[in-house]
Amino acid sequence: MFYSDACLKYVEEVHHCPHCGERLSCCHTPPFHVGDGLGWGTEVLFVCLNDECPLFVNSWQQFEERYGHAASCRYILVPGEKEGSAMMVASKEAFTGCIVDPEAFKAANERYAREKAAVAQLDTCVEEENLDPVLTLILDESAKVEHRKRAVELIVALNDLACIDPIRNHSFRNTEIEQLVNIEIDRLLRNNYVKECPDCLEIVKAAAKVCKHCGRKF
Ligand SMILES: [Zn+2]
Ligand SMILES: [Zn+2]
């Protein structure tokens, strides 16, 4: 699950339901919008998921009596707003699958901190000969694409063949990044007069006719 900056900020906020006093659950915004169709404008919502909440219990009865179908309301609060509202739900289970998992949140939060720190190091990593921030971003499929592209552009300037192993051991989900990385690694290899053995992936001299690691003939 990907959490944006905004989401990270809101997960730790504590809000309570004015109808029942229970703490609201932080939920991912459902992909649809019941009202105006304009979308929610937010990635998370605070929702009262208490099945004993008077708003929820009473609304079941009202919907039944007035419209003759099963539905109810949950109290929801849009982040940043003071007043919440009642939102129609078709079942008890609505939103329960969208609760932001605290463990996943913690992991996402740590990942986000690593990405941020790595980005801050990009400007100086070449002079410091520090490969870490570049590898961190290239190998992090959840990092922003623009950050990863900046990291890829530094492969040649860093001129450190040690970046190749971890990159080759990584399976890229973003194929655009993978292609850009491959282009830069080719340049890095050529600049160092070496090549990768296509069989064992060890690095050998560009002029070698036989791989000294696996015996493959070039
Ligand atoms: Zn409530
Ligand atoms: Zn080989």
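Going left to right, the sequence shown walks through residues 1 to 218 as my numbering numbers them.
C-beta atoms are modelled at their ideal positions from N, C-alpha and C, and glycine is treated no differently.
Would you say the beta carbon of residue i comes nearer than 7 Å to a heavy atom of ligand 1?
i: cysteine 73; result: no
i: leucine 45; result: no
i: cysteine 27; result: no
i: histidine 19; result: yes
i: leucine 55; result: yes
i: proline 159; result: Sequence inspection shows asparagine at residue 159; the proline mentioned does not correspond to that position. Asparagine 159 Cβ: outside cutoff for every heavy atom of ligand 1.
Flag residue i as yes if its beta-carbon sits less than 8 Å from any beta-carbon of chain E, otherwise no.
i: cysteine 17; result: This model lacks chain E altogether; it includes just one protein chain.
On the DSSP letters alone, give me the boundaries of the alpha helix (DSSP H) that residue i sits inside.
i: glutamate 178; result: 175-191
i: serine 59; result: 54-67
i: arginine 74; result: Where arginine 74 is concerned, there is no enclosing alpha helix (DSSP H), although the beta strand (DSSP E) it sits in stretches over 72-77.
i: valine 156; result: 155-158
Between which two residues does the beta strand (DSSP E) harbouring residue i extend?
i: glutamine 85; result: Per the sequence presented here, residue 85 reads as serine, with glutamine not at that position. Per DSSP, serine 85 belongs to the beta strand (DSSP E) from 85-89.
i: valine 47; result: 44-47
i: glutamate 194; result: The sequence shown places valine at residue 194, not glutamate. First-last of the beta strand (DSSP E) with valine 194: 194-196.
Report the rounded CA-to-CA distance for residue i versus residue j, giving the unit in angstroms.
i: glutamate 146; j: tyrosine 75; result: 38 Å
i: proline 79; j: leucine 180; result: 38 Å
i: lysine 116; j: valine 126; result: 18 Å
i: proline 133; j: asparagine 58; result: 55 Å
i: methionine 1; j: leucine 139; result: For methionine 1, the predicted structure reports a pLDDT of 47, less than 50, and the residue's modelled location is therefore unreliable. A value from the coordinates is still provided. Their backbone Cα atoms lie some 17 Å apart in a straight line.
i: leucine 122; j: glutamate 153; result: 10 Å
i: cysteine 200; j: cysteine 214; result: 7 Å
Quick check on residue i: does DSSP put it in helix, strand or coil?
i: valine 204; result: strand
i: lysine 144; result: coil
i: cysteine 211; result: coil
i: arginine 216; result: coil
i: cysteine 27; result: strand
State yes or no: is the C-beta of residue i nearer than 7 Å to some heavy atom of ligand 2?
i: aspartate 165; result: no
i: arginine 216; result: yes
i: glutamate 125; result: The displayed chain sequence assigns cysteine, not glutamate, to residue 125. Cysteine 125: no, Cβ never under 7 Å from ligand 2.
contact_flag[the segment 204-213, the segment 179-194] where n(CB pairs < 8 Å) is 3 or more: yes
Contact the segment 102-109 vs the segment 81-92: 3+ CB pairs below 8 Å: no
Cβ contact check for the segment 64-75 and the segment 88-101: 3 or more pairs under 8 Å: yes
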